[in-house]
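Worksheet for the structure shown next.
Written out as structure tokens, the structure is:
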């Protein structure tokens, strides 16, 4: 029995097209077909605390778009969007849809996922968790999903980073440095070189650990697709971040794609982000 | 303020009123917060005093520098929520305080808006163009 939903991936997740594609494929495999929505045109407005006119406009516009989608359920990816929808957005606009987080949707269908995990992944991984997504207890849900993968040993430590995902820590650099240090220590302590993220911004801010510490950082949905034998795009953002030099990044992305966004904008706004590695 | 901001201002005001009515300034939310260790301004502060300052921000009376600093430091860890004996959502309280301290509700600004980045959405669109196909951009981000 197939269910059709809106899959709302948020804004910043577009840095990881692989995550979006894998999420769509995993949901499809368990009978959830997605009308996909995201990017600035669907921004929740949570970043606009300093500009309430923009915040209100974004929130009401996005709720109205979902109301008009014809779907009665919106499945979220981003914990920040999920939180904002459950508070401010539906506090000012009437929503004609339910909201669920993707981890809840997949976990409720894990009996359908389990038989699809046909490809062993012989690896030990540490799950990178945060404390802050109190609306959905996503950490144990993701751990359960990962334990469906044959061969995969999942280590859940007693450390959870503050914030609801790593980007929340960006305004407090010392806190992010502590989190990075914990990630490195945890993988070493448990004798593995792989860290698994739940959210996109953790993937974005930690994937450079491949360069700095030899730690492979991967998102859980990509492990699920791998175990299911579904071919999806690689984590290009991580490839670029770990390319090693500006020239290697440019070569990896390619002149044609860079031209699409403008060479000057790429040099000033994209390259510095890709060259920034985790600090500890 | 333009009229279309009114529902959001009303929502903020309702939640501020509820917070002010329920919060007893016991300070337990501050005591369990993992973030004060990252600011010298919060060293030696007591939870009750800090929270009283946050309530002053919500009252529109400004707050102590330490209270403003705590609102700035909140990273939405949510550890404060189960610690509150009055079922206030301290994380939401701090968000409301930050909105107020930014000057968004008409009170004098006490915090700079560090998220006011003119290239924030342009970078997102740029990465979308690098990562998604033209068809996906047209269908998913319209």
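Protein chains in written order, with the working numbering: chain A, -10 to 269; chain B, 322 to 463. Every residue gets a Cβ at the ideal spot worked out from N, C-alpha and C, and that includes glycine.
Segments assigned beta strand (DSSP E), at least 3 residues, entirely inside the region 366 to 412 of chain B
none
Cβ-Cβ separation, residue 1 of chain A to residue 189 of chain A (assumed contact under 8 Å), whole Å:
6 Å
Residues that residue 44 of chain A contacts on chain B, provided the C-beta gap is smaller than 7 Å
329
Could you tell me the distance, in whole angstroms, from the CA atom of residue 82 of chain A to the CA atom of residue 227 of chain A?
37 Å
If you count every other CB in all the chains shown that lies within 10 Å of the CB of residue 26 of chain A, and 16 or more means buried, which is it?
So residue 26 of chain A ends up on the buried side.
May I ask you to list the residues that DSSP assigns as paired with residue -4 of chain A?
A:25 and A:64
For residue 430 of chain B and residue 424 of chain B, which I take to be in contact (beta-carbon distance under 8 Å), what is that distance rounded to the nearest angstrom?
The Cβ separation is near 3 Å, so the contact holds.
Whole-number beta carbon distance between residue 20 of chain A and residue -9 of chain A, since they are thought to touch under 8 Å:
5 Å
Interface residues of chain A facing residue 355 of chain B [CB-CB closer than 7 Å]
151
Using a Cβ-Cβ distance under 8 Å, would residue 462 of chain B count as near chain A?
yes
Quick one: is residue 11 of chain A buried, meaning 16 or more other Cβ sit within 10 Å of its Cβ, or exposed?
buried
Answer with buried or exposed for residue 349 of chain B, where buried requires no fewer than 16 other C-beta atoms within 10 angstroms of its C-beta.
buried
Considering only their Cβ atoms, is the gap separating residue 410 of chain B from residue 420 of chain B smaller than 8 Å?
no
According to the Cβ coordinates, are residue 239 of chain A and residue 250 of chain A closer than 8 Å?
No, they are not a contact pair.
DSSP state of residue 73 of chain A mapped onto helix, strand, coil
helix
Keeping to the same chain, check which residues put their C-beta closer than 6 Å to that of residue 197 of chain A; ignore five residues upstream and five downstream.
230, 266 and 267
Strictly by DSSP, which residues pair up with residue 90 of chain A?
A:65
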